[in-house]
Amino acid sequence: AQKVTQAQTEISVVEKEDVTLDCVYETRDTTYYLFWYKQPPSGELVFLIRRNSFDEQNEISGRYSWNFQKSTSSFNFTITASQVVDSAVYFCALYTGGGNKLTFGTGTQLKVEL
Amino acid sequence: DVKVTQSSRYLVKRTGEKVFLECVQDMDHENMFWYRQDPGLGLRLIYFSYDVKMKEKGDIPEGYSVSREKKERFSLILESASTNQTSMYLCASSAPGHNTEAFFGQGTRLTVV
């Protein structure tokens with residue numbers, strides 16, 4: 048069975064602080080894909096990144112960076128110099144061929160205050 | 029701009045009513061999905077479809093059915109709405125293969141009274 052755990056239910060930071068959102072996954076498949084989605088207050092989930100299990104290279108996109116570590120089954124997401132517009136619910140998700148579906152974590156609510 | 033459009037943003041229905049939630053995508057995607065989002069539970073897959081007239085059960089199909097008569101449209105049906113189906117419903121579409129990026133609609137917040 049596959050599982051995604053986002054232990055942080057809610058995080059509050061002050062603008063310009065760095066913040067890391069944790070994601071831990073479980074799967075027995077050797078080939079899998081990990082995703083991060085952002086859900087702003089408007090409700091529509093927005094795709095941020097996809098990573099396959101054979102690519103452990105970290106990724107940076109502007110203020111966003113992702114750290115994928117197979118040894119700890121984690122795919123953490125860091126926002127540098129957070130902004131109020133980053134306030135949203137962030138979901139980590141896992142796809143495996145064996146499960147043949149996308150499994151989402153429970154999400155982390157990020158609040159960035161002035 | 030690619031788009032997944034859900035017919036209603038907010039909906040209030042009475043217990044026992046038959047409810048239709050409509051979803052349309054303009055990206056010619058083969059795959060379409062219905063999820064339910066509840067606090068503390070994340071997104072849970074209700075049903076998905078890989079092609080017209082084709083459907084597969086997700087994790088929580090009980091009390092729901094779906095219809096896909098045209099490629100661009102995927103409907104979620106609550107045969108007899110109950111209060112425990114009060115939730116946010118999200119539709120999504122993607123190109124073939126679950127490992128591809130999914131595009132989501134804005135969600136329908138359904139309240140059953």
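Line by line, the protein sequences are chains A and B.
Per my numbering, residue 48 is the first one in the first sequence, and the count goes up by one each step.
Per my numbering, residue 29 is the first one in the second sequence, and the count goes up by one each step.
By construction, the Cβ of each residue, glycine as well, lies at the ideal position given by its N, Cα and C atoms.
is_contact[residue i, chain B] using C-beta, thresh 9 angstroms
i: residue 84 of chain A; result: yes
i: residue 73 of chain A; result: no
i: residue 77 of chain A; result: no
i: residue 56 of chain A; result: yes
i: residue 53 of chain A; result: yes
For residue i, the residue or residues it bridges with in DSSP
i: residue 143 of chain A; result: A:79 and A:148
i: residue 156 of chain A; result: A:57 and A:136
i: residue 85 of chain B; result: B:75
i: residue 50 of chain B; result: B:103
Of the residues the options, the one placed nearest residue i, counting alpha carbons only
i: residue 76 of chain A; options: A:151, A:101, A:161 and A:131; result: A:101
i: residue 134 of chain A; options: A:114, A:49, A:85 and A:111; result: A:85
i: residue 103 of chain B; options: B:42, B:45 and B:118; result: B:118
i: residue 110 of chain B; options: B:80, B:57, B:42 and B:96; result: B:42
i: residue 58 of chain B; options: B:124, B:135 and B:75; result: B:124
i: residue 107 of chain B; options: B:35, B:37, B:48 and B:31; result: B:48
Any C-beta of chain A under 9 angstroms from that of residue i
i: residue 72 of chain B; result: yes
i: residue 130 of chain B; result: yes
i: residue 120 of chain B; result: yes
i: residue 134 of chain B; result: yes
i: residue 69 of chain B; result: yes
i: residue 44 of chain B; result: no
Whole-angstrom C-beta distance between residue j and residue i, which should lie under 8 angstroms
i: residue 150 of chain A; j: residue 49 of chain A; result: 5 angstroms
i: residue 89 of chain A; j: residue 160 of chain A; result: With a Cβ gap of about 19 angstroms, residue 89 of chain A and residue 160 of chain A do not count as contacting.
i: residue 96 of chain B; j: residue 60 of chain B; result: 7 angstroms
i: residue 50 of chain B; j: residue 101 of chain B; result: 7 angstroms
### Task
Return the residues of the segment 105-139 of chain A that lie within a Cβ-Cβ distance of less than 7 angstroms from chain B, sorted by chain order.
Contact residues of the segment 105-139 of chain A toward chain B are 138 (C-beta to C-beta distance below 7 angstroms).
### Task
May I ask you to list, following chain order, the residues of the segment 89-116 of chain B that have a beta carbon less than 7 angstroms from some beta carbon of chain A?
Residues of the segment 89-116 of chain B with a Cβ closer than 7 angstroms to any Cβ of chain A: none.
### Message
What are the residues in the segment 145-159 of chain A lying within 9 angstroms of chain B by C-beta distance?
### Response
Correct list: 146, 147, 148, 149, 150, 151, 152, 153 and 154.
#### Entry: Near-chain B residues of the segment 90-106 of chain A (beta-carbon distance less than 8 angstroms), N- to C-terminal order
Taking 8 angstroms as the Cβ-Cβ cut-off against chain B, the residues of the segment 90-106 of chain A that qualify are 90, 91, 92, 93, 94, 97 and 99.
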